[in-house]
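Numbering (the numbering used here), first residue to last: 1206 to 1481.
The C-beta atom is built at its ideal place from N, Cα and C for all residues, glycine as well.
What follows is a short report on a single structure.
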């Protein structure tokens, strides 16, 4: 697929800027001595070929938008060599392959969130249950309505660990845990781990779920299913203060922290609908 002239220009601009920001000495190349020769700062295109272990001229063609449908391996190696962030990573996928990347570039993505700023935002939300969790499902900001959901008014530090492994959650709070909640949540967890296979916290979470006598069998049965979520998803719950009812939920993802989640839910008291 040929790139448009404007897309080629934008790709070249970002790649040149990234190359210029990296001192070749930090990548193992000898310091450039005074005298004739290349005067531009940063990595040269020839040095990029060396770092990428590609034939001479490969990187030049890529930077100039002359490689049709560059491979995922090439995009990954270029992005990591040039120390791109997640937004730049997504950008080069969209501009060269017209699709989103299949996984995060860095295993730590989605775990660096401006918690103070998000807490200020969440504090302004009333009438809805609101919280923000990172890519490991650590709860980094939440409001009063969220705390009121839980026995003793104590919000869990990790929402997925609580949902799947806490005995009180499974028996007292999350109604129909085995048939409704677990099948809905476990594909989310599996997908998150697949996007960050080197993340140790996610690895421990999966290990603990698989080795739990209650959650393990359910995970093996349901985790491989497509994520069963849509805006307005409804799940039955026993509110710690207001009693039985159901949650109607919408999810969003912070632009600067892919994999993190903003969860907004409305609680409706009463007997949950029969379709839940």
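Return yes when the Cβ of residue 1348 is within less than 7 Å of the Cβ of residue 1327, no when it is not.
yes
Same chain, Cβ closer than 8 Å to residue 1458, five either side skipped, listed in chain order
1464, 1465, 1466, 1467
So, is residue 1261 buried or exposed, given that buried needs 16 or more other C-beta atoms within 10 angstroms?
exposed
With a 10 Å radius around its C-beta and 16 neighbouring C-beta atoms as the bar for buried, classify residue 1343 as buried or exposed.
buried
So, is residue 1435 buried or exposed, given that buried needs 16 or more other C-beta atoms within 10 angstroms?
exposed
Classify residue 1439 as helix, strand or coil using the three-state DSSP reduction.
strand
Considering Cα atoms alone, identify which of 1399, 1419, 1331 is closest to residue 1308.
1399
Residue 1470 (DSSP reduced to helix, strand or coil)
strand
Exposed or buried, what is residue 1250 when buried is set at 16 or more other beta-carbons lying within 10 Å of its beta-carbon?
buried
Thinking C-alpha only, which one of 1377, 1252, 1265, 1303 is nearest residue 1441?
1377
DSSP three-state assignment for residue 1169, whether helix, strand or coil:
An answer regarding residue 1169 cannot be provided, because it is not within the stretch 1206 to 1481 covered by the chain.
Tell me, which residues are paired with residue 1338 by DSSP?
1344, 1466
Would you call the stretch 1272-1290 in contact with the stretch 1367-1384, where contact means no fewer than 3 C-beta pairs closer than 8 Å?
no
Assign residue 1299 to buried or exposed, taking buried as 16 or more other Cβ atoms, counted over all protein chains shown, within 10 Å of its Cβ.
exposed
Apart from the five residues just before and just after residue 1424, which ones in its own chain have a Cβ nearer than 7 Å to its Cβ?
1391, 1414, 1415
With which residues is residue 1450 paired in a DSSP beta bridge?
1442, 1474
Apart from the five residues just before and just after residue 1475, which ones in its own chain have a Cβ nearer than 6 Å to its Cβ?
1450
Report the three-state DSSP secondary structure of residue 1416 (helix, strand or coil).
coil
Proximity to residue 1216 [Cα-Cα], best of 1279, 1252, 1297
1297
Return helix, strand or coil for residue 1428, following the three-state DSSP convention.
coil
Does the distance from the C-beta atom of residue 1420 to that of residue 1369 stay below 7 Å?
yes
Check whether the stretch 1348-1368 and the stretch 1315-1323 touch, using three or more Cβ-Cβ pairs below 8 Å as the test.
no
Could you give the DSSP three-state label for residue 1287: helix, strand or coil?
coil
Per DSSP, what are the beta-bridge partners of residue 1457 in this structure?
1467
Restricting to Cα atoms, I'd like to know which of 1341, 1471, 1259, 1267 is closest to residue 1437.
1471
Buried versus exposed, by CB contacts within 10 Å (16 or more), residue 1311
buried
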